[in-house]
Every structure is written in C-alpha cells, then in structure tokens.
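Working notes, structure below.
Residue numbers (the working numbering): 133 to 283.
In structure tokens form, the structure reads like this:
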C-alpha cells in the first residue's frame with residue numbers, strides 16, 4: 133500500500149564517533165562561565181570576600197581554581213590610582229554593579245535549572261548585594277528617573 137522508506141531519516145543522529153556531553157555537563161560549563169564572568173566584575177569592584185565565595189563555586193564546578201585579578205599585582209605609577217577600585221567614578225561603579233547584577237541573574241537561572249542549591253543561593257545573594265549597591269549609587273546627571281510600575 134505504501135512505498136517503503138529507502139533513505140535514512142534526516143532526524144536520526146549521524147554516526148556518533150565523537151563523545152557527547154550530557155545536559156548536566158553542558159549546564160556545569162555554562163554555570164562556571166557565568167560565575168567566572170561574575171568573578172571578573174567582582175574583582176574589578178574590589179569585593180574580595182564575595183570574590184572568594186564565587187571562586188570556590190567555580191573551583192567546585194571546574195575542578196581547578198579560576199584565574200583572578202590580583203589586588204597585589206605590580207602596577208605602574210600611572211595606572212595605580214586610576215584602576216584601583218577605590219578610585220572608580222560613581223558611574224563606573226554603577227555600570228559594574230549593573231553588569232554584575234545581570235551576570236548573577238544568568239548564573240541563578242542556570243543554577244536553578246541544574247538544581248544546584250549552593251550556586252543558586254550564592255547567585256541570589258550577589259543579586260541582592262548588587263541591587264542594594266545600585267540603589268545607593270546616585271544617578272548620573274541628566275539621567276531620567278525611572279518610575280516603578282509606570283508604563
């Protein structure tokens with residue numbers, strides 16, 4: 133009645149000669165990447181204690197300690213004052229806190245999808261801290277105020 137199928141289906145996997153990663157492994161890699169980006173911003177802000185917590189989570193996921201921005205790294209006289217966290221302008225700090233908030237949010241989503249309670253709690257704590265820091269930072273001159281709930 134029907135003609136038999138002669139060609140291979142386009143929906144079947146090709147010969148799997150190479151190893152595939154599981155969903156869990158992919159989520160581990162993604163979470164470690166988001167946390168590493170968050171660590172870079174956290175180190176740039178000079179938040180050593182928070183950076184240590186993030187670094188421990190990355191080490192747990194990757195099996196190796198992440199590379200960190202060293203506060204004791206030798207600097208030249210020209211950039212010693214300009215790049216130190218204490219001398220960041222308020223707008224620069226606000227941008228870094230906003231970036232860290234977004235990264236922590238991404239890490240929280242991935243941690244929740246892989247049911248990693250420790251990483252989810254850490255990400256939520258970092259989101260709270262950066263939200264609080266953004267609330268304390270005065271808006272840049274000329275920036276319109278956002279009304280909450282207004283459309």
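All C-beta atoms in this analysis are idealised placements derived from N, C-alpha and C, irrespective of residue type, glycine included.
Cα-Cα separation between residue i and residue j, rounded to whole angstroms
{"i": "residue 264", "j": "residue 194", "result": "30 angstroms"}
{"i": "residue 157", "j": "residue 268", "result": "38 angstroms"}
{"i": "residue 163", "j": "residue 239", "result": "6 angstroms"}
{"i": "residue 167", "j": "residue 235", "result": "8 angstroms"}
{"i": "residue 188", "j": "residue 222", "result": "29 angstroms"}
{"i": "residue 227", "j": "residue 139", "result": "56 angstroms"}
Closest residue to residue i among the options (Cα-Cα distance)
{"i": "residue 243", "options": "175, 165, 134, 172", "result": "165"}
{"i": "residue 229", "options": "153, 152, 179", "result": "179"}
{"i": "residue 224", "options": "173, 153, 138, 136", "result": "173"}
{"i": "residue 246", "options": "153, 159, 137", "result": "159"}
{"i": "residue 260", "options": "139, 177, 192, 233", "result": "233"}
{"i": "residue 192", "options": "250, 169, 153, 231", "result": "250"}
{"i": "residue 184", "options": "171, 255, 256", "result": "171"}
**Q.** Those runs of the alpha helix (DSSP H) which lie wholly inside the segment 171–202 and span at least 4 residues
**A.** Within the segment 171–202, the alpha helix (DSSP H) runs of at least 4 residues that lie entirely inside it are, in chain order, 180–194.
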